[in-house]
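One structure is given here, and the rest of the page talks about it.
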Amino acid sequence: MPSFSQTNTTILKRLTLLCLFALSAIISTAQIQCVDLSSYDDQYVNSVGFDDITYPIGSAFIVSGDIQYVKPSSGNAYQGIISDSLFYIGDLDINVSTSTCLEKELTFSCAYLEGLAVDGDTVFSQLNPPANYGGATFDFEFDGAGSYTITGDFDVVSLYTQTNFLYDVCLDCASSTIDCVDLSSYDDTYVNSVGFNDITYPIGSAFIVSGDIQYVKPSSGNYYQGINGDALFYMGDLDIDVSTSICTDKILTFNCAYLEGLSVDGDTVFTMLNAPASFAGSTWDFEYDGAGNYTVTGDFVVVSLYTQTNELSDVCLDCNYVVSMNETTPLENQFSVYPNPSSNLFIVSSNSNHDFSFELYDTNGTLIISENSNGTEAQIDLSNYKDGLYILSVTDKEGYRITKKLIKVN
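The working numbering numbers the first residue of the sequence shown as 55 and each following residue consecutively.
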């Protein structure tokens with residue numbers, strides 16, 4: 055197996071540190087929200103508690119990002135605001151149901167709290183907060199000095215009190231959504247067998263899967279030679295497929311020792327070693343730091359890497375916006391493709407009874423087919439094209455676009 059020189063190894067280690075530093079910055083700043091009361095005043099909050107006509111029970115009277123202060127009952131006296139503190143007498147709900155975090159972390163401080171419940175599950179009453187409490191889908195912590203933390207999957211935290219100051223209310227994602235490639239379960243013998251064996255490892259198949267990140271073999275004759283830590287050493291081309299992620303705004307970061315070209319969902323970003331510092335695709339953005347570190351951000355499915363000899367490392371996927379399991383994007387329900395994989399014929403079907411248009415690209419960014427549907431279905435015949443991965447771009451009558459991957463097999 056070819057090896058890098060000591061100089062190249064040192065450079066790669068430095069690049070790895072740069073990439074990790076950049077990722078730590080993303081993790082530390084991306085998600086946290088704290089309540090800002092600067093647009094509210096004493097007169098407004100004082101009018102809320104006893105006026106059930108203008109401010110009905112169950113309505114949010116303060117909204118700051120994904121944090122809502124909700125009036126849970128009548129007769130509460132929300133009396134005034136001091137900086138980020140709400141002074142009130144009675145009860146109040148903190149609603150965080152609009153957050154897209156899969157696991158939330160809500161922190162807040164109270165001067166005086168008689169009781170608390172999370173999604174109707176009573177954690178304590180009669181001024182007796184435990185240090186810890188485990189709910190069905192959440193955990194509760196109290197530091198003994200007025201600061202509370204709720205972590206997990208929950209929507210509403212109910213506060214019961216007489217006279218209280220509520221302040222320092224912040225919402226974060228309890229754990230980062232970041233997912234980095236782990237190659238510990240793969241070895242040199244396995245990856246070395248993939249490139250030239252199109253029977254066991256067909257073109258278009260994922261030969262390494264780590265969370266929502268898949269390394270896909272886009273064509274025949276690629277030489278995947280070995281693994282060193284989290285780095286894959288290879289000669290040829292490789293696709294990074296993130297189509298299983300439920301993010302609609304992804305952040306894919308990776309490091310390459312040598313990259314001749316790159317495309318995203320069939321849209322060519324660069325060739326001939328001429329990587330731009332930035333590039334704007336239709337639904338995503340590309341960035342290159344000039345030192346081997348690449349970032350693709352937005353709504354995309356496949357990033358294709360073209361090279362001769364390369365070491366791919368530090369591949370991580372983060373998420374700016376997570377789609378909850380109860381959410382679907384409009385176009386996801388409107389179009390389906392079947393069978394997929396297929397040996398020749400694919401059917402694109404619209405469930406909305408409207409015409410649509412579509413374009414098909416290979417992973418080199420070459421436009422293969424561009425057509426308008428005749429009704430609510432269209433056929434794609436790939437019998438004259440080689441096996442592998444193709445990128446389908448479907449546009450509805452309103453101009454909205456969705457990208458899907460097609461896999462042609464024998």
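Cβ coordinates follow ideal geometry from the N, Cα and C atoms, glycine included. Predicted, not measured: the structure shown is a model, and the values here were computed from it.
Please look up how many angstroms separate the CB atoms of K459 and V356, rounded, as I've assumed it's under 8 Å. Within the sequence shown, residue 459 is the residue found at index 405, counting from 1. Within the sequence shown, residue 356 is the residue found at index 302, counting from 1. Sure, about 6 Å apart at Cβ, within 8 Å.
If we ignore side chains and look at the alpha-carbon of each, how far apart do D96 and Y109 end up? Position 42 of the sequence shown holds residue 96. Position 55 of the sequence shown holds residue 109. Rounded to whole angstroms, D96 to Y109 spans 16 Å at the Cα level.
Between the Cα of V350 and the Cα atoms of C370, Y142, E365 and N364, which residue gives the shortest distance? Within the sequence shown, residue 350 is the residue found at index 296, counting from 1. Closest by alpha carbon: C370.
Thinking I281 and Y240 are a contact (beta carbons under 8 Å), I'd like their distance in whole angstroms, please. If you number the sequence shown from 1, residue 281 lands on position 227. If you number the sequence shown from 1, residue 240 lands on position 186. Contact flag correct, Cβ pair sits at about 6 Å.
Would D368 and D284 qualify as a contact pair, given that the criterion is a beta-carbon distance under 8 Å? Here residue 368 is taken as the residue at index 314 of the sequence shown, counted from 1. Here residue 284 is taken as the residue at index 230 of the sequence shown, counted from 1. Contact annotation: D368 and D284 have beta-carbon atoms nearer than 8 Å.
F162: which of Y202, E314 and F250 sits nearest, CA to CA? Position 108 of the sequence shown, counted from the first residue, corresponds to residue 162. Looking at the Cα atoms, Y202 is the closest of the given residues.
Per-residue DSSP class, three states only, for Q180: On the sequence shown, position 126 is the one that residue 180 refers to. In the structure shown, Q180 sits in coil (DSSP, three-state: anything other than H, G, I, E or B).
Work out the CA separation of N100 and T217 for me, nearest whole Å. The residue you call residue 217 lines up with position 163 of the sequence shown. The residue you call residue 100 lines up with position 46 of the sequence shown. About 14 Å.
Please go through the same chain and pick out, in chain order, the residues whose beta-carbon is closer than 6 Å to the beta-carbon of D147, but skip the five residues on each side of it. Here the question's residue 147 lines up with position 93 in the sequence shown. The answer, listed in chain order, is V124, P126, V210 and S212.
Counting contacts by CB-CB distance shorter than 8 Å, is S259 in contact with chain C? No chain C appears in this structure, which consists of one protein chain only.
Assigned exposure category for F250 - 16 Cβ within 10 Å defines buried: Looking up residue 250 in the sequence shown gives position 196. Exposed, by the Cβ-count rule.
Round the Cβ separation of D353 and T363 to the nearest angstrom and send it over; I've been treating them as touching at under 8 Å. Counting from 1 along the sequence shown, the entry for residue 353 is found at position 299. Counting from 1 along the sequence shown, the entry for residue 363 is found at position 309. At roughly 32 Å, the Cβ-Cβ gap does not stay under 8 Å, so D353 and T363 are not in contact.
Starting from V99, follow the alpha helix (DSSP H) in both directions and report where the run begins and ends. Here the question's residue 99 lines up with position 45 in the sequence shown. D96 to V102 is the span of the alpha helix (DSSP H), which, as asked, contains V99.
Considering Cα atoms alone, identify which of L140, I204 and T215 is closest to D226. Your numbering for residue 226 matches position 172 in the sequence shown. Answer by Cα proximity: I204.
Between the C-alpha atoms of I136 and T215, what's the straight-line distance to the nearest angstrom? Here residue 136 is taken as the residue at index 82 of the sequence shown, counted from 1. Here residue 215 is taken as the residue at index 161 of the sequence shown, counted from 1. Taking the straight line from one Cα to the other gives about 19 Å.
Can you give me the C-alpha to C-alpha distance between A17 and T361, rounded to a whole angstrom? Since the first and last residues shown for the chain are 55 and 464, residue 17 lies out of range.
Count Cβ pairs between the segment 437-447 and the segment 257-277 that sit closer than 8 Å; are there 3 or more? yes
Can you tell me which of the three DSSP states N519 falls into? The displayed coordinates of the chain run from 55 to 464. Any statement about residue 519 would go beyond what the structure contains.
Helix, strand or coil for S82, going by three-state DSSP, please let me know. Sequence index remark: in the sequence shown, residue 82 carries index 28 (1-based). Reliability of the predicted coordinates at S82 is poor, the pLDDT of 35 falling under 50, and the value obtained from them is presented with this limitation in mind. The answer is helix: DSSP assigns S82 an H, G or I state.
Sequence-distant residues of its chain with Cβ nearer than 7 Å to V132 (five each side left out): To locate residue 132, count along the sequence shown from 1; it is residue 78. According to the sequence as given, residue 132 is Tyr; it is not Val. Correct list, in chain order: V99, N100, V102, G103, L140 and Y142.
D450 by DSSP, collapsed to three states: which one? The count along the sequence shown starts at 1 and reaches residue 450 at position 396. DSSP places D450 in coil when its eight states are reduced to three.
Rounded to the nearest angstrom, what separates I80 and I86 at their Cα positions? Residue 80 sits at position 26 when you count from the first residue of the sequence shown. Residue 86 sits at position 32 when you count from the first residue of the sequence shown. Per-residue confidence for I80 stands at a pLDDT of 35, beneath the threshold of 50, marking its modelled position as unreliable; no derived number is given.
Residues in its own chain within less than 6 Å of V340 by CB, not counting five upstream and five downstream? Residue mapping note: residue 340 aligns to position 286 of the sequence shown, counting from 1. Inspection of the sequence shows that residue 340 is occupied by Phe rather than by Val. Same-chain partners within the cutoff: V323, F333 and V350.
Compare the Cα-Cα distances from I294 to each of Q279, C310 and T302 and report the closest residue. For the purposes of this step, residue 294 is identified with residue 240 of the sequence shown, where counting begins at 1. Comparing Cα positions, the closest option is C310.
Which value, in whole angstroms, describes the spacing of the CA atoms of S390 and H408? One-based indexing of the sequence shown puts residue 390 at position 336. One-based indexing of the sequence shown puts residue 408 at position 354. C-alpha separation (whole angstroms): 13 Å.
Please confirm whether D207 and D233 have their CB atoms less than 8 Å apart. Residue numbering aside, residue 207 sits at position 153 when the sequence shown is read from its first letter. Residue numbering aside, residue 233 sits at position 179 when the sequence shown is read from its first letter. No.
Proximity of I253 and L237 at Cβ, strictly below 8 Å: As a first step, residue 253 is located in the sequence shown; it is residue number 199 there, counting from the start. As a first step, residue 237 is located in the sequence shown; it is residue number 183 there, counting from the start. Not in contact: I253 and L237 (Cβ atoms no closer than 8 Å).
Tell me the rounded alpha-carbon separation between V402 and D242. Here residue 402 is taken as the residue at index 348 of the sequence shown, counted from 1. Here residue 242 is taken as the residue at index 188 of the sequence shown, counted from 1. Using only the alpha carbons, I get a separation of about 39 Å.
Which residues mark the beginning and the end of the beta strand (DSSP E) in which N246 is found? What you label residue 246 is simply residue 192 of the sequence shown in a count that begins at 1. No beta strand (DSSP E) holds N246; the alpha helix (DSSP H) holding it covers D242 to N246.
Rounding to the nearest angstrom, what Cα-Cα distance links T449 and G429 in this structure? Translated into the one-based positions of the sequence shown, residue 449 becomes position 395. Translated into the one-based positions of the sequence shown, residue 429 becomes position 375. Roughly 14 Å between the two C-alpha positions.
Continuous alpha helix (DSSP H) assignments of at least 4 residues falling wholly in the segment 183-267: 242-246
Taking the alpha carbon of S118 as the reference point, which residue from L327, A199 and C224 has its own alpha carbon closest? What you label residue 118 is simply residue 64 of the sequence shown in a count that begins at 1. The residue with the shortest Cα to Cα distance from S118 is C224.
With the cut-off set at 8 Å, would you say E431 and F412 are in Cβ contact? Taking the sequence shown and counting its residues from 1, one reaches residue 431 at position 377. Taking the sequence shown and counting its residues from 1, one reaches residue 412 at position 358. No, the Cβ-Cβ distance between E431 and F412 is not below 8 Å.
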